[in-house]
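Read the structure below first, then the notes.
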Amino acid sequence: MSQQIDSHIGRFPLQERLASTSLATLYRAKDPGNGQQIAVKALRPFFSEESDLLADYFEQIRRVAALHHPHIVSVLDTGEDGTPWVAMEFMGEGSLAKRLESPITIADVGKLLSQIGSALDAAHSVNVIHGDLKPSNVFISLSGDYKLSDFGMATLAKGAHPLIRSSSSTPMPTYMSPEQAMDMSVSKRSDVYALGVLAYHLLTGRVPHQGSDPTTVWAKQLRSPAPRPNDLNPLIPSLISDVILTAIASNPEKRYASPVAFAEAFGQAAAAAPTPVITPPVTSPSDPTPPSEQEPVLADVGLSAGIKGRRIYCRVCGHDNPASLAHCESCWATLWPADAVEEQAQDRQIVERRLQGRGVRAVGVGSAALAVLIGSVLFLTVGNASVPLPSQPGISAVSAEGQWAMSQRDATHSGFLPGLSPSLEGTVKWMFATPEIIWAAPAVTGDVVYLATGDRRILALRTDDGSTIWSTPLDSPVDGTPAVTDDTVFLALRSRKVMALDRLTGDIKWVYRTPSSVFTAPTVKDGVVYVGDLAGILSAIDAESGRLLWEYKTDDGINASIPISDNGVAVVASQDGNVYFVDIETGGTRYFYRTVIPAGAAPSVSGDTAFIGTENGTVLALDINERRRPFDHRLFTIRTQLFVWNVAIDRPPRQRGFVWINNLRRGSVVSTPVIADTSVFVATRRGMVYAIDKSNSLTQWSFRTGGSINHSAVLAGNILYVGSDDGTVYGLDSDTGDVVWSWDVPLGNLPSSSLVVADGSLYVPTSQERPRISLFQIGDDGSVLPEEPVVPDKDWYYKYSSSPCSPDSQDSVGPFSAREDARSAAIAAAPTCGVLYAIQ
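One gets this note's numbering by counting positions in the sequence shown from 1 and adding 4 to each.
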């Protein structure tokens, strides 16, 4: 909806508000110099105080503007007077989002890929990655050509306050590449991925992987391939499906090297196939283009109140939604049909009067008041507890001295082995290889290593030599560390199972089927097994019988193990952006804390405090003993919305239970916080390790590894062990952060899960997904030619270096006409395996 206004930005008189998001508002304006219609984007006032972030944004804008590319929306001017703004050419024909609802031909898609691909390549030539390619950022000119806009917005979104990011769809999760969702380094191949998703969406009517947040989409990207486009739409030729699937490969190295290369491959495939009209299916209500791309969230609340029928008020953010939707229009949380209520005519009249009399800001205040009014009726307890059944209090996964019986060692997930650090020489005591990646760290207790492997087995290995005691086949991989009690081994599977096995024989005692797949480790305490699944349900299961005691429901997937405090509170980090504190006796909610950005790993607990690291680089300390009060969440929702839209509140509100926060802003916190007496240790995906004072949130020291860190650290005595993707395991002094020990993972393997310290040894799970590759040419006499100089008329071959994944005497593979072809073929065919190293 557009709205008439009367003001100026810079030298431009504004005529009409066209659209608004939580990052910026777009206006139609008039250039006083030539009288032409232009568009002016005004950023939120929040960014005026972020000078470094704003400088990065404008630098990208200037680089792209200097290109004067025919398929990039022209930038006319920028300014920072009061409100940061960008003036650009006006695209009156609208964005590509409208084309998703109309038939489209393969030729049209080829034209779009060629033009937008050339725009992206031009931006890449000046070191600018778009990072936010989606239909609403591609515009159609009067001549029917395509133009790309919104360079730099991904940079702004990444640095924005979490409460602003909570109502932003920039970047759109379903268009983000896996490496961008994981907060790793992005490249031009990241834009290739988004361009591939755009082609997929146009031709099939849906995105390859559905999900409301980057982590959910990322998990689907890595765990399951996208459906072939021609399976969704039989009119799409198979060759074109192959090209699109290459563009959206999870591994960046397997994608096309540039957007133009992708467009050219698409064109070649299209030339070899007929070009029928492709009619995409209607996009499902659960995957709409977020309305925040067109109108402010608060304005939507007020306007939608004037529609007759039933509404559903989101339990997470308080936004009211049409009853036909499955996900909230504002925050994308799952909607509960039971929350639907009839509208009241009086409430509609109040909102309509405020809309007419006060404009957008009045809409925000009126809608918030309406949310409180209806929220007082709808204030429900999240969770669905049943009557607890009797359990066996003696059954717990308790780590004895020097042992590691479950994920992060204990039920609080402290990750801390007290006592003296083991004296490690850095030699391999033994290694155990499997034909698939090891996703889960082992448990080590009673001179036995309990290891779940990617090739669907769980094994008991002797700690002295790694020999097998028993092996039990499974029907799916296991992603979480087993939990070991006196006589039972518990584990959770992707195939929706929690299993109890005899510790001595590996025989199955019982199996419980969870509502959805499980990618986390079970926690076993006082006779109960706690496990969360991708449906967002925490199941409490009797450890003796396998019977369900109670269930607790969140609004999105649970991808992190559940720590249990000593006073009986389960801390549940959900992908809906909430941390729930659940009473384990009843399965009821004590309170929940809105982090906005989901946790990057399992929380940990120390005394009365829970520590959580989030995917945007913050570490939070929260009070476990806090309890919610009436209207807490609704009042916080109002303050949050007022802050986001800069109405009356200029500071982000604090929720009940808040103790402290440390904004690291150095990549996603992907490790469960490790808890010592006075410090909290966390690692980030950008390869940083931090020690934070447990009492006041101050950073005590930091250390940068040579690669990214994707798993939790562990603390043994006064040495913190962490594995990096640079192929090194570091031992850091917990007081200073100095490197006191290191070990290089052999054979090109990389750490694939958290480390374990037990029985005087360090256990390092690794994977080999990218073995060392030798590329070479062969002379006329059959000898291998030197790497330089390259012989132009000779073919290329490849060979893998010796490793547990490839034999010592492997034959050369080839010939290939070019070095790059040989390298690409080697990467595509690379064998994978997992190796557990026991270091002494």
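Every residue gets a Cβ at the ideal spot worked out from N, C-alpha and C, and that includes glycine.
- For L455 and R598, the gap between their C-alpha atoms comes out near 35 angstroms.
- Secondary structure note for D697: its beta strand (DSSP E) is the uninterrupted segment 692-697.
- Within the model, the alpha-carbon separation for Y767 versus L779 is close to 33 angstroms.
- Across the structure, D815 and D459 are spaced so that their CA atoms are roughly 26 angstroms apart.
- Just measuring C-alpha positions, the residue of I777, E791, V795, R507 sitting nearest D784 is V795.
- The three-state reading of DSSP puts T524 in coil, since its state is none of H, G, I, E or B.
- Positions of the beta strand (DSSP E) runs, each at least 3 residues long and wholly inside the segment 756-825, are given as 760-762, 765-772, 777-781, 800-804, 817-820 in order along the chain.
- Approximately 12 angstroms separates the beta-carbon atoms of I108 and L202; this is outside 8 angstroms, ruling out the contact.
- A distance below 7 angstroms between beta-carbons, with the five flanking residues on each side excluded, links F155 to the following residues of its chain, in chain order: Q64, I65, V68, A127, V132, H134.
- F707 carries a strand assignment under DSSP once its states are collapsed to helix, strand and coil.
- C-alpha of K529 to C-alpha of A401: approximately 6 angstroms in a straight line.
- Here R21 is buried: its Cβ has 16 or more other Cβ atoms, across all protein chains shown, within 10 Å.
- Between A574 and I588, the gap from beta carbon to beta carbon is short of 8 angstroms.
- If you compare the alpha carbons of S520, Q214, D799, I120 with that of A267, the shortest gap goes to I120.
- Counting of Cβ neighbours within 10 angstroms places A123 among the buried residues, the total reaching 16 or more.
- If you look at S181, you'll find it isn't in any beta strand (DSSP E); DSSP assigns it neither H nor E.
- Proximity to G14 across A23, A28, L27, A33 peaks at A33, based on C-alpha coordinates.
- In the assembly as shown, E619 is a buried residue. Its beta-carbon has 16 or more other beta-carbons within 10 Å.
- In the displayed model, A158 falls within a helix according to three-state DSSP.
- Taking A70 as reference, the option from I777, D60, V130 with the minimal CA-CA separation is V130.
- At a Cβ-Cβ threshold of 8 angstroms, S520 and L538 count as neighbours.
- Here DSSP, grouped into helix, strand and coil, assigns Q119 to helix.
- Rounded to whole angstroms, S608 and G764 show a C-alpha spacing of 24 angstroms.
- Annotation: M180 to A253 spans about 12 angstroms, alpha carbon to alpha carbon.
- Residue pairing by DSSP places K151 opposite F143 in a beta bridge.
- With contacts defined by Cβ atoms closer than 8 angstroms, I568 and A415 form a contacting pair.
- Residue ranges of uninterrupted beta strand (DSSP E) with 3 or more members, entirely inside the segment 431-462 and ordered along the chain, are 432-438, 447-449, 452-457.
- For G838, there is no enclosing alpha helix (DSSP H); the residue is found in the beta strand (DSSP E) stretching over 837-843.
- By the CB criterion at 8 angstroms, W443 and S757 fall inside the cutoff.
- Sequence-distant partners of A525 (beyond 5 residues in either direction) whose C-beta falls short of 6 angstroms from its own C-beta, in its chain, are S411, G484, T485, S565.
- The C-alpha of T676 is placed about 31 angstroms away from the C-alpha of S807.
- Less than 8 angstroms divides the Cβ of V583 from the Cβ of A577.
- About 6 angstroms separates the Cβ atoms of V432 and I843, confirming a contact at the 8 angstroms cut-off.
- In the DSSP annotation of this structure, the continuous segment of the beta strand (DSSP E) that includes I665 starts and ends at 662-667.
- In this chain, the beta strand (DSSP E) harbouring I473 covers 472-477.
- Excluding five sequence positions before and after R498, the CB atoms of its chain that fall closer than 7 angstroms to its own CB belong to S480, P481, D483, S521, V522, F523, given in chain order.
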